[in-house]
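For the sequence shown, position 2 matches number -2 in this note's numbering, and the numbering has no gaps at all.
Built from N, CA and C at the ideal position, the CB exists for glycine as well.
Model, not experiment: these values are computed from the prediction.
Written below as structure tokens is the structure these notes are about.
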Amino acid sequence: MPDLNIKGLSKDTMNRLADKARKAGLSQQEYLRQLLDKHVVADEVEGVRSELGEVIKSVAFALEQNTKVLNEFIRVNEG
-3 MPDLNIKGLS KDTMNRLADK ARKAGLSQQE YLRQLLDKHV VADEVEGVRS ELGEVIKSVA
57 FALEQNTKVL NEFIRVNEG
């Protein structure tokens, strides 16, 4: 697995990362590895979420239209 070195982090940043890793029960390396993995896939997840939102809107519109047609059918056939 390739390595990544990050130079020039402030002590404050290092301390805060260490605290977050400890609270998560992970080593700093594993914490940062998971953080970077999540960051890399975040755009893909957002794209899927956006597409899913559009599908939901389309389905909701189709249901509304079907409900109108069905209600009209019922009205015409009951009378």
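Does residue i come out as helix, strand or coil in the three-state DSSP assignment?
i: M10; result: helix
i: L22; result: coil
i: L48; result: helix
i: K3; result: coil
From residue i to residue j, what does the alpha carbon distance come to, in whole angstroms?
i: V36; j: E74; result: 58 Å
i: R29; j: S6; result: 19 Å
Mind checking whether residue i and residue j have CB atoms under 8 Å apart?
i: Q24; j: L13; result: yes
i: A38; j: Y27; result: no
Kindly examine the ligand ATP and report whether one of its heavy atoms sits closer than 7 Å to the Cβ of residue i.
i: L0; result: As for the ligand ATP, it is missing from this structure, which has no ligand bound.
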